[in-house]
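Before any comments, here is the structure.
Numbering (our numbering), first residue to last: 6 to 73.
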């Protein structure tokens, strides 16, 4: 799998920032960010921190996973 980016070619950080504002994360994006962390994909410190924050927000019911 290549670097995680959305269809609009936003950076990981930009996409995760947008997700945090909307409070909804598409299931395929959730799978991608989880895979990025678990596979040891090369991520910047900022990208890793944002992914962890999004995963924490899901766990705390601040973000909702939604099927497209």
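Even for Gly, the Cβ is constructed at its ideal location relative to N, Cα and C.
Sort the options by Cα distance to residue i and report the nearest one.
i: residue 42; options: 30, 31 and 55; result: 55
i: residue 69; options: 29, 15 and 23; result: 29
CA-CA distance, residue i and residue j?
i: residue 62; j: residue 51; result: 16 angstroms
i: residue 71; j: residue 17; result: 19 angstroms
i: residue 49; j: residue 65; result: 24 angstroms
i: residue 26; j: residue 20; result: 10 angstroms
Name, in chain order, the residues that DSSP records as bridge partners for residue i.
i: residue 69; result: 29
Segments of 4+ residues assigned as alpha helix (DSSP H) that fall wholly inside the stretch 12 to 49: 17 to 27 and 32 to 43
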